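Mapping of the sequence shown onto mature numbering (1 follows the signal peptide of the UniProt record, and there is no 0): residues -25 to -1, 1 to 377, in sequence order. Just so you know, even glycine gets a beta-carbon here, dropped at the ideal spot from N, CA and C. A quick note: this is a predicted structure, and the numbers were derived from the prediction, not measured. Notes to accompany the following structure.
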Amino acid sequence: MRMGITKGVSALVLATAMAAGPVSAQEWLDNLEPRVLQLADFSGDQTANFGKAMVEWEEAITEFTDGKITFENYWSSSLLNALNTLEGVGDGVADVGLIIPSYYPQQLPVGTWLFGLGGALSGSTVHDVAAGGATALETVLTLPALEEEYARHNLVVMQGTSTPAYNLLCNTPISSLEEAEGKRARAIGGVWSDTVEALGMTPVSIAWNEAYEGLQRGVFDCMVINPNQYADGLILKDVAPEYVPVTFAQLQASTWVMNKDTWESFPVELQNFIIKENVRAAYNIWKGYLEIEAKAGDLIAEGEEIRTHDVSELEPVAKAQREAALDELAESAPPSVENPQQVVDEYQERIDYWTGVLEEQGYPVAERTPEAIVDAFAGLRDVDLSAFYERYKDEVLPTLLK
C-alpha cells in the first residue's frame, strides 16, 4: 500500500486508522527525523558532471523533506577515494558514494562482469550516452544478482550511467593497421586492452596522474579515453593532438550507491521520491556528458589544434573484437548470475531499442568517417534529450517504484 500508509500494515490497524479519520498525506514527513547525509565523490567537485547532477539531486530531496534531510559533500577523495568507497559507504563513513565496480573485482564480481557490456555500442556519441546510459540504468536497477551483491556490502544502488565511447588520443598520426602496429596505448582494463591488442598495439598501464607527462615525453603513444579529455580533465590537446576515433567500449555503469541502513530508514514516500530523482540525476549526467563532448567537439571541428584521422581500416577490426567479446561474455559470468546469456541478449536488445527511440526522435547514428564524426560533434549542442527522458520515465520508472 502507499498513500501515506506503510506497506505490510495489518487489516486491524488499517481499520482503526480509518475509523479515526483519514491519514494525513504529510504524516510521514511529520514523523521524519532531521538528519545530515554525507556524500563522497572521488571523481571531482560540485562543478564536475557527476557533482552538478548530485547537487541537484540533493537539493530536490531537501526541498521535498522541508529541509529535514540535508547533505554534507566531500569532493575529490576528501573523505573516501576510488578504492575504499565500497567499504566506506557500507560501514556508514558516508551515506552516499560513487562506485566503479571494476575497481573491486573480488567484492563486486557481477558489477565487474557487467563492464563487458560496454562493448555493445555504435560509437555515435548521442546514442552511446543516452541509449547506452538508459540501458545501463535499467540493468543496475533491475538485475537481481547485482542487487544482492551490493546488499551483501550493506549498499543499495541508486543509479548508474555510461560514458561516451572511448577512442584513441595520440601523439602520433594513426590511420592504418600498419601505423598502429607496435604503438603503445594506455588502457586500464580488459574491455579496452583487448581491443588495443586486436589493433596490433601494446597496452600499457600508466597511472592517471602520469598520463599527460607520459604522452608529452613519448613514454607511450596513445591514450584510450573519451575525446572530452581534449577540453576537460587532463586537457590533452597539446600532447595528443592526433584524434583517432576508432570505437572502444564505453565505461559502463558508474554506480551511485547508498548505505542500506540509511535507505531502509526512509518511509516509502521518500524512497519513491528518491527513485524518481535517481532517474533524473542520470538524465542530467547524460546531458552533462554531451555538454563536455561538445567542448571537445569545438576543437575537433576547428581542425587546427586537433587532427581527426580516417579509421576505415581500424574500425572493422575493433568492431569485430568487441562483438566476439560480447559473444563470449556469458561464459565468464559469476555463478550468481542466472542465465547470463539472457542478460547479455536483453542488454543488447534494450540498447537497440533505445537507439531506435533516438532515431525516431531525429538522431540518426553517425557514420565513422572523419567528415561525419566532425559533423556529429558540431551538432551536439543542438541535441535535446527531454523527449527521450520523458519516454524513459513513462516506460521504465513505474516499474521501479515501490
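Of the residues the options, which one's Cα is nearest the Cα of residue i?
i	options	result
T110	I281, S150 and R325	R325
T374	G189, G94, D285 and N247	N247
L360	D103, N6 and G164	D103
K212	Y49, N184 and E280	E280
Q81	S287, G72, R127 and V286	R127
E290	R161, Q316, L152 and L301	L152
A182	R297, Y264, G65 and F195	F195
D5	Q317, D16 and G42	G42
A271	E34, G175, P139 and Y338	P139
A295	E113, L121 and E172	E172
E288	A308, E156 and I249	E156
E342	R159, F25, V221 and L89	V221
N146	L14, N184 and A215	A215
E154	W50, I163, M133 and M176	M176
R255	A300, E365 and W238	E365
V358	R297, L265 and L89	L265
residue 447	F39, T40, E8 and Y125	The structure shown does not extend to residue 447, since the chain is modelled only from -25 to 377, so the question has no answer here.
A351	G94, D273, D369 and R192	D273
Buried or exposed: which applies to residue i, given that a residue is buried once 16 or more other Cβ atoms fall within 10 Å of its Cβ?
i	result
K377	exposed
G278	exposed
G67	exposed
T22	exposed
T330	buried
Y79	buried
Y205	buried
Y328	exposed
D16	buried
D169	buried
E8	exposed
E239	exposed
E313	exposed
Give a yes or no on whether the C-beta atoms belonging to residue i and residue j are separated by under 8 Å.
i	j	result
S137	V340	no
I275	N203	no
L96	F46	no
L333	A269	no
G63	A69	yes
A224	W261	no
P76	T87	yes
V131	M233	yes
V219	N142	yes
L14	Y49	yes
E217	P148	yes
In its own chain, which residues sit with a C-beta less than 7 Å from the C-beta of residue i, not counting the 5 before and 5 after it?
i	result
I44	R10, L12, I36 and T37
L209	A186 and Y187
V349	I275, A276 and T283
F363	A105, V332, L333 and Q336
S229	L73, I75, G135 and T136
A305	P315, Q316 and V319
Between residue i and the rest of its own chain, which residues show a CB-CB distance below 6 Å, the 5 nearest in sequence each way excluded?
i	result
D285	S150 and P345
L92	Q227 and Y322
E252	W32 and A35
Apart from the five residues on each side of it in sequence, which residues of its chain come closer than 8 Å, Cβ to Cβ, to residue i?
i	result
G189	R161, I181 and F195
P(-4)	Legend: pLDDT at P(-4) = 43, less than 50; position of this residue unreliable, no value from coordinates given.
L372	I250, K251 and V254
Practice prompt. At 3 residues or longer, and completely inside the segment 63 to 145: list those beta strand (DSSP E) runs for me, N to C.
Written response: Within the segment 63 to 145, the complete beta strand (DSSP E) runs of at least 3 residues are 71 to 74, 130 to 136 and 140 to 145.
Worksheet item: At what residue ranges does the segment 146 to 178 contain a whole run of the beta strand (DSSP E), taking only runs of 3 or more?
Response: Qualifying beta strand (DSSP E) stretches, in chain order: 159 to 161.
Worksheet entry | 4-residue-minimum alpha helix (DSSP H) runs that sit fully inside the segment 183 to 246, ordered along the chain | For the segment 183 to 246, whole alpha helix (DSSP H) runs of length 4 or above, ordered along the chain, are 186 to 192 and 235 to 239.
Worksheet entry | Sequence ranges, alpha helix (DSSP H) only - wholly within the segment 12 to 50, length at least 4 | Whole alpha helix (DSSP H) segments, 4+ residues: 24 to 39.
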